[in-house]
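Protein chains: 2
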Amino acid sequence: MIDTAALAERFLTTLEARNWEAWQALLADDVVYELPQTRERIRGRAAYLIFNQTYPGDWHLTPKVIIGDGRRAVIWFGWLVRRPEGDETADAQVFLEFDDTGVITKVTDFWPEPYEPPARPEGLIERW
Amino acid sequence: MIDTAALAERFLTTLEARNWEAWQALLADDVVYELPQTRERIRGRAAYLIFNQTYPGDWHLTPKVIIGDGRRAVIWFGWLVRRPEGDETADAQVFLEFDDTGVITKVTDFWPEPYEPPARPEGLIERW
Numbered sequence: 001m002i003d004t005a006a007l008a009e010r011f012l013t014t015l016e017a018r019n020w021e022a023w024q025a026l027l028a029d030d031v032v033y034e035l036p037q038t039r040e041r042i043r044g045r046a047a048y049l050i051f052n053q054t055y056p057g058d059w060h061l062t063p064k065v066i067i068g069d070g071r072r073a074v075i076w077f078g079w080l081v082r083r084p085e086g087d088e089t090a091d092a093q094v095f096l097e098f099d100d101t102g103v104i105t106k107v108t109d110f111w112p113e114p115y116e117p118p119a120r121p122e123g124l125i126e127r128w
Numbered sequence: 001m002i003d004t005a006a007l008a009e010r011f012l013t014t015l016e017a018r019n020w021e022a023w024q025a026l027l028a029d030d031v032v033y034e035l036p037q038t039r040e041r042i043r044g045r046a047a048y049l050i051f052n053q054t055y056p057g058d059w060h061l062t063p064k065v066i067i068g069d070g071r072r073a074v075i076w077f078g079w080l081v082r083r084p085e086g087d088e089t090a091d092a093q094v095f096l097e098f099d100d101t102g103v104i105t106k107v108t109d110f111w112p113e114p115y116e117p118p119a120r121p122e123g124l125i126e127r128w
C-alpha cells in the first residue's frame, strides 16, 4: 500500500524548504489544484509551480495532523506569515489524491479564517 | 485495526439523521469539541449534545471525502442550510481522534468561508 501519509508530509516539507525539484517530483504532470473557497483551479504541474514560487510573503508551513489511507491523505497544518507589523498565523488543510504509483494527481486547499462566534447556549463554551 | 473511516461516516450520518442516541454512542463521556477559528471549546458529551441539538437552522451534512488511518479520521463534507430566501451551501471539515476501542475522544471542526481571490499571476487560474 502506498504510504500516502509519508508522501503528504514530504509534500509539505519540500514546499516549506522551497525545494521545488523534490516537490515537483511528487506531482503528476497534469495535477489539478483547486481552492473551493475562491472557486479557483490550476491545471498542470508547471502552472502550479509558478503559483507557489510567486506566492507573496515570507510564508511557513508546519504539519500538525496527517492522515493517509493508501489512496488519499490530508494534512492539517499551521501556516505563518512573517510581517514587519507582526506575524500572522492560523491553521489550514490540504487534501491529496494519489494514483496507483503514489503520484499526486489532485490537491485541494482550504484556508479557514478566524471569525467571531455567534450567540451560543449559555454555559456550554469556553474560549482559548 | 479500528475502521475509523466507517466510524467517521457514522458520526456524520447520525448527525444528519438527528439520531442523537446513535451519535452519542460514538463519543467518549469526556469528549472535547474544538472550533479553532473561533477559539471555542466544549468539554463533555452532554454539553456537545446540547450544542448540536440547539444549533439553529435546517442544516444538512453530506460526506464528500473520508480518510481514516486507525487512530484518526477526517471528513470533508458539504453542508447546506435551507432558508426561505435560498439555500446556503459550502464545504467544511471535521477531524476525529479515537481511543483504542474506537470511541471518539476529540472532534475539531473547520468551517472555511468563501472569499474573493487576491491578484494572481496572469494565465494560471480558471474559475468555476
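Residue numbers (UniProt numbering), protein chains in the order written: chain A, 1 to 128; chain B, 1 to 128.
For glycine and all other residues, C-beta sits at the position ideal for the given N, C-alpha and C.
Asked                                                                                                                                                                        : Found
Quick one: is residue 151/B near chain A, going by C-beta distance under 8 Å?                                                                                                : This structure leaves residue 151/B out entirely; chain B is present only between 1 and 128.
Starting from the N-terminal side, write out each stretch of the alpha helix (DSSP H) that is 4 residues or longer and does not extend beyond the stretch 60-126 of chain A. : none
Below 8 Å on the Cβ atoms is my contact criterion, and I expect residue 125/A with residue 67/B to pass it. Report the Cβ-Cβ distance as a whole number of Å.                : At roughly 28 Å, the Cβ-Cβ gap does not stay under 8 Å, so residue 125/A and residue 67/B are not in contact.
Can you tell me the Cβ-Cβ gap for residue 12/A and residue 75/A, rounded? I've got them flagged as a contact below 8 Å.                                                      : 5 Å
With a Cβ-Cβ cutoff of 8 Å, do residue 63/B and residue 9/B count as a contact?                                                                                              : yes
Residue 65/B versus chain A: which residues are under 7 Å apart at the beta carbon?                                                                                          : 72, 95
Applying the 10 Å Cβ sphere with the 16-neighbour rule, what's the burial state of residue 6/A?                                                                              : exposed
Using a Cβ distance threshold of 8 Å, determine whether the stretch 23-36 of chain A contacts the stretch 107-116 of chain A, with at least three qualifying pairs required. : yes
Return the CA-CA distance between residue 70/A and residue 28/B, expressed in angstroms with no decimal places.                                                              : 28 Å
Can you say whether residue 23/A is buried or exposed, counting buried as having 16 or more other CB atoms within 10 angstroms of its CB?                                    : buried
Considering just the uninterrupted stretch of the beta strand (DSSP E) at residue 42/A, what are its terminal residues?                                                      : 40-43
Three or more beta-carbon pairs under 8 Å between the stretch 73-92 of chain B and the stretch 48-63 of chain B, yes or no?                                                  : yes
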